[in-house]
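Chemist: For the sequence shown, counting from 1, position 522 maps to 507 in this note's numbering; every step adds exactly one.
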Amino acid sequence: MGVVAEALRSRLAVRLTLVLLIVAALGMGVMAVYVTRVLETHAVENLKAGLVTEARLIHDPIVPYLVRGAPPEWVQDLALKYAGKLGARVTVIAADGTVLGESERDLEGVRGMENHAARPEVRAALAGGLGSHLRRSRTLDVEMLYVAIPLDDGTSVKGVLRLALPMTEVAKTVRSVRRTVAAGALLAFGLALGVGLFISRRVTRPVTEMQAAARRMAEGHFDQQVPVTGKDEIAALGHALNRMAVRLQEKIQDLGGERAKLAAILDSMAEGVIAIDSRRRILLLNPGARAIIGLQGETVAGRPFMEVIRQKELFDLVEACQTCGVGETCRREVELGPPINRILEAHAVPVRIDFEGQGTLLVLHDITELRRLERVRTEFVANVSHELRTPLTSIRGYLETLLDGALEEAANARRFLEVAHTHADRLGRLVDDLLQLSDIETGRVILKPAPLGLREVAGAVLAMFENQAAAKNLALLNQVPPDIHVQADRDRLSQILVNLVDNAVKYTPEGGQITLRAAREPSGFVEIQVADTGIGIPSTDLPRITERFYRVDKTRSRELGGTGLGLAIVKHLVQAHGGHLWIESELGKGAMVRFTLPEAR
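#1: Nearest-angstrom Cα distance between Ala454 and Arg502?
#2: Please check the pair Val127 and Glu106, which I expect to be a contact at CB under 8 Å, by giving their CB distance rounded to whole angstroms.
#3: Thinking just about the alpha-carbon of each residue, which of Leu150, Pro323, Val348 is nearest to the one in Ile302?
#4: Which whole-angstrom value is the C-beta distance of Arg264 and Arg288, which I expect to be below 8 Å?
#5: Taking its Cβ as the centre, do 16 or more other Cβ atoms sit within 10 Å of Gly279, making it buried, or is it exposed?
#6: Which residues does DSSP pair with Trp567 in a beta bridge?
#7: So, is Lys246 buried or exposed, given that buried needs 16 or more other C-beta atoms within 10 angstroms?
#8: Suppose contacts are defined by Cβ-Cβ distances below 8 Å. Is Gln472 in contact with Glu584 by that definition?
#9: Helix or strand or just coil, what does DSSP make of Pro588?
#10: What is the C-beta distance between Ile380 and Ala333, in whole angstroms, given that I count them as a contact (C-beta under 8 Å)?
#11: Go ahead and pull the three-state DSSP assignment for Gly390.
#12: With Leu387 and Phe401 assumed to form a contact (beta carbons below 8 Å), what rounded beta-carbon distance in angstroms separates them?
#13: Based on the DSSP output, what are the partners of Glu512 in its beta bridges?
#14: Does the Cβ of Lys491 have 16 or more other Cβ atoms within 10 Å, making it buried, or fewer, making it exposed?
#15: What do you get for Lys556, buried or exposed, if any count of 16 or more other CB atoms within 10 angstroms of its CB means buried?
#16: Quick check on the burial criterion: 16 or more other C-beta atoms within 10 angstroms. Buried or exposed for Glu544?
#17: What span of residues does the alpha helix (DSSP H) with Ile47 cover, start to end?
#18: Would DSSP call Arg541 helix, strand or coil?
#19: When the Cα of Glu93 is compared with those of Asp62, Ala80, Lys70, Ala112, which residue comes out closest?
#20: On the DSSP bridge assignment, give the partners of Gln498 in chain order.
#21: How far does the alpha helix (DSSP H) with Glu479 in it extend, from its first residue to its last?
#22: Relative to the C-alpha of Ser117, which residue among Arg579, Ser141, Leu32 is closest?
#23: Mind checking who Gly273 pairs with in its DSSP beta bridge?
#24: If the criterion is Cβ atoms closer than 8 Å, does the pair Thr26 and Val166 meet it?
#25: What do you reckon, are the CB atoms on Val483 and Leu582 nearer than 8 Å?
#26: Does the beta-carbon of Ala489 have 16 or more other beta-carbons within 10 angstroms, so that it is buried, or is it exposed?
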């Protein structure tokens, strides 16, 4: 049995040795090809460098001939002269590709040569660079290396100087190198045979096991362990590989956890976060920034900042941040222009993001709504103050007049008191509307929705305005179908319709028409329309028409007794019912107010 085992081990050693020899042979062959190619390339590059140097040496003597437009005979003589000195083929070519001088032909032959502007090396030289190309010459029918440089006088390219040499010497060198490499390969093959027998017995198996374990680790299986026996260098390598696997597994788990936490934080932030490198390229852009800037799912990593975010003010902030020290913050309020109209509070912090230089971390806060609310609040305070001051001033003025003696004049006293009473009523309506609007907005108004016949409610509201409509010869039309019912608070629904019909009556000239319509929607709501043929609303005022105290024509609105809160109350009452409000109008062609309420089931 011992003899059989030894034979098996010997046979395995032979097979492994043969494998090693085959691998060594292949490696030597590859090395021979590689060395030959490298030396050939090196020889060609040296030859090219020599030709370039020689071409630059004769550049200056040739340029004046082209600048002065010398006769072809002179240029041909130059080509022959320098070809004899350099031992290379010399060709002088005009800027349009015409051959002016060629050392391998006589003057008549030069005149018959084809245009060289399309030759690769000539084309590169005419573009102002260094051109070179390796190909078989049509003239000499041998492999030639061509090098071309531009002939310029400092202002423009006047032509091209081309030198060429045959590749025969390079081929001789390559053949010599191949013979040397072949001899070395045979010697190395003999050495590999002896070394292979030893390595196959002592090293192959543990190294193969380590290789397999390392491959599994590279695929992400860090629970692999290399079997280690002995205390030699290979055993030490196995222990180190096992320790590395454990450390890598721990580090990758830590990095994965940190990356997941960072991604979760960035993705959940409402603020926009943009990381930019030193070359103004985007490294990271979180979903908050995409929403603020208005970007879709396009890939932005690695693209220039201005290519992705076409906002000059943000780019200027990033540029200004570069002058700050690391850790300092540059803050600026930026108003983005079209196509995205937003107001941002931008913070730019210089940070060390990459190894190339100082990057920038840009944090964007969308304060558009905050600024809008500040403007609305300021306008609301100003409007309330103005609306309260006007009736109070009138009441105070008439009362002071009465106290100054007009009270004794019965006719004037009564008229003054009536005017004061009118303004007191207006003041009372204003305060009542403000309180009611505040109650609606804060949720203190309790709705009592019930199934209501919409046509009946609409008819009752229109009946309230019959006298006012008759005075202006207005037609009030109730086109609500009798079978439509809504789930709404009756008093609040009447209040909505009263406010809308009241506005329509006020702003519809004599002979006009006011119509109430309704229709069911597939979503389970009923759309109600109040349309008139009045003066209409300018398109620029439509977005703000439901704001408190906003009036299109302030003077006329006050003359008609409006408080400027009616549409704001209507909007909030509709929203309290779960509906939506839309206003459509065209100046001079009337207006249509549409709102939805839940349909009664």
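Beta carbons: idealized from backbone N, C-alpha and C, even for Gly.
As the structure is a prediction and not an experimental result, all values here were calculated from the model.
Modeler: With the structure as the only source:
#1: As a first step, residue 454 must be located in the sequence shown, where it is residue number 469. As a first step, residue 502 must be located in the sequence shown, where it is residue number 517. The straight-line gap separating the alpha-carbon atoms of Ala454 and Arg502 is approximately 18 Å.
#2: One-based indexing of the sequence shown puts residue 127 at position 142. One-based indexing of the sequence shown puts residue 106 at position 121. Not confirmed; about 17 Å, so no contact.
#3: To locate residue 302, count along the sequence shown from 1; it is residue 317. At residue 302 the sequence reads Leu, which differs from the Ile that was named. Taking each of Leu150, Pro323, Val348 in turn and checking the Cα distance to Leu302, the smallest one comes out for Val348.
#4: Numbered from 1 along the sequence shown, position 279 holds the residue referred to as residue 264. Numbered from 1 along the sequence shown, position 303 holds the residue referred to as residue 288. Contact doesn't hold; Cβ gap of about 11 Å is too wide.
#5: Taking the sequence shown and counting its residues from 1, the one referred to as residue 279 is at position 294. Exposed, because fewer than 16 other Cβ atoms sit within 10 Å of the Cβ of Gly279.
#6: As a first step, residue 567 is located in the sequence shown; it is residue number 582 there, counting from the start. Arg579.
#7: For the purposes of this step, residue 246 is taken as residue 261 along the sequence shown, with counting starting at 1. Answer is exposed; the Cβ neighbour count stays below 16.
#8: Sequence index remark: in the sequence shown, residue 472 carries index 487 (1-based). Sequence index remark: in the sequence shown, residue 584 carries index 599 (1-based). Yes, the Cβ-Cβ distance between Gln472 and Glu584 is below 8 Å.
#9: Only positions -14 to 586 of the chain appear in this structure, which leaves residue 588 out of reach.
#10: On the sequence shown, residue 380 is found 395 positions in, with the first residue counted as 1. On the sequence shown, residue 333 is found 348 positions in, with the first residue counted as 1. Contact annotation, Ile380 with Ala333: C-beta distance approximately 56 Å; criterion of less than 8 Å not satisfied.
#11: Translated into the one-based positions of the sequence shown, residue 390 becomes position 405. Under the three-state reduction of DSSP output, Gly390 falls in the coil class, being neither helix nor strand.
#12: For this step, residue 387 is matched to residue 402 along the sequence shown. For this step, residue 401 is matched to residue 416 along the sequence shown. The pair is a contact, with the Cβ atoms about 6 Å apart (cut-off 8 Å).
#13: Taking the sequence shown and counting its residues from 1, one reaches residue 512 at position 527. Ala504, Thr581, per the DSSP bridge assignment.
#14: Working through the sequence shown from its first residue, we reach residue 491 at position 506. By the C-beta density criterion, Lys491 is buried, having at least 16 other C-beta atoms within 10 angstroms.
#15: For the purposes of this step, residue 556 is identified with residue 571 of the sequence shown, where counting begins at 1. Buried is the call here.
#16: Taking the first residue of the sequence shown as position 1, residue 544 is located at position 559. The pLDDT assigned to Glu544 is 48, lower than 50, so where the model puts this residue is not dependable; a value taken from the coordinates is nonetheless given after this. Glu544 comes out exposed.
#17: On the sequence shown, position 62 is the one that residue 47 refers to. Segment 44 to 53, the alpha helix (DSSP H) holding Ile47.
#18: Residue numbering aside, residue 541 sits at position 556 when the sequence shown is read from its first letter. Because the pLDDT of Arg541 is 46, which lies under 50, any placement of that residue in the model is unreliable, and the question is left without a value.
#19: Taking the sequence shown and counting its residues from 1, one reaches residue 93 at position 108. The shortest Cα separation from Glu93 among Asp62, Ala80, Lys70, Ala112 belongs to Asp62.
#20: For this step, residue 498 is matched to residue 513 along the sequence shown. Beta-bridge analysis with DSSP links Gln498 to Ala460.
#21: Working through the sequence shown from its first residue, we reach residue 479 at position 494. The residue asked about is misnamed: residue 479 is Ser in this sequence, not Glu. Residues 475 to 492.
#22: By 1-based counting over the sequence shown, the position of residue 117 is 132. Among Arg579, Ser141, Leu32, the Cα nearest to that of Ser117 is on Leu32.
#23: For the purposes of this step, residue 273 is taken as the residue at position 288 of the sequence shown. As DSSP reads the structure, Gly273 sits in no beta bridge.
#24: Locating residue 26 in the sequence shown gives position 41, where the first residue counts as 1. Locating residue 166 in the sequence shown gives position 181, where the first residue counts as 1. Not a contact, by the Cβ cut-off of 8 Å.
#25: The residue labelled residue 483 in the question sits at position 498 within the sequence shown. The residue labelled residue 582 in the question sits at position 597 within the sequence shown. Cβ distance not < 8 Å, so Val483 and Leu582 don't count as in contact.
#26: In the sequence shown, counting from the first residue as 1, residue 489 sits at position 504. By the neighbour-count rule (16 or more Cβ atoms within 10 Å), Ala489 is buried.
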